[in-house]
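29 is the number of the first residue of the sequence shown in the working numbering; add one for each residue after it. Ideal Cβ placement from N, Cα and C applies to all residues, glycine included. Following: one structure in structure tokens, then a few remarks.
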Amino acid sequence: MSREALWQGLELRARNPQKFNRSLECIVKPLGHNEFLRTIKVGNSRFCEHVLLYPEQKIHTSTIAEIDQITAQSVTCIEEPESGFLFVRFSYKRELEESNQQVDVGEHLKSAYVQVDRDAIAMIRILAESKLFDQDSN
29 MSREALWQGL
39 ELRARNPQKF
49 NRSLECIVKP
59 LGHNEFLRTI
69 KVGNSRFCEH
79 VLLYPEQKIH
89 TSTIAEIDQI
99 TAQSVTCIEE
109 PESGFLFVRF
119 SYKRELEESN
129 QQVDVGEHLK
139 SAYVQVDRDA
149 IAMIRILAES
159 KLFDQDSN
């Protein structure tokens with residue numbers, strides 16, 4: 029897969045996360061060519077994020093501090109350890125409430141993020157192999 033096709037898939041996921049997870053509803057408000065606000069609703073929860081795109085390099089999201097919601101950030105970065113070998117690194121930072129529960133919420137979230145990211149990359153591969161990204165760029 030080319031860097032361009034990978035980027036197109038990652039950008040599609042950033043702008044339209046509901047295409048990768050049907051339980052999400054998303055509204056996007058453009059702020060500039062590579063910047064937008066994204067409001068995601070899942071179940072009874074809603075959160076608003078500021079998204080910055082660095083074309084063919086990385087995507088940075090952070091929750092908006094002025095709104096009463098959890099504080100969270102994520103970075104999706106395309107790396108190329110060797111020429112022609114692409115790797116996507118997903119990094120998450122999120123505040124967690126203090127809890128005395130037996131369940132490790134942090135580990136549960138980490139496991140969920142890993143699975144969602146794997147599913148997204150699998151879908152991006154399918155889209156790239158189907159040449160769907162090539163149709164958009166022509």
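Would you check if the distance between the CB atom of phenylalanine 118 and the CB atom of tyrosine 82 is smaller than 8 angstroms?
Between phenylalanine 118 and tyrosine 82, the C-beta spacing is not below 8 angstroms.
Cα-Cα separation, isoleucine 55 to threonine 67:
In this model, isoleucine 55 and threonine 67 are separated by some 5 angstroms (Cα to Cα).
How about the stretch 110-117 and the stretch 91-102: do they share at least three Cβ pairs that are nearer than 8 angstroms?
By the criterion of at least three beta-carbon pairs nearer than 8 angstroms, the stretch 110-117 is not in contact with the stretch 91-102.
Is leucine 40 buried or exposed, if buried means 16 or more other CB atoms sit within 10 Å of its CB?
Label assigned to leucine 40: buried.
What are the start and end residues of the alpha helix (DSSP H) that includes glutamine 36?
31-43 is the extent of the alpha helix (DSSP H) around glutamine 36.
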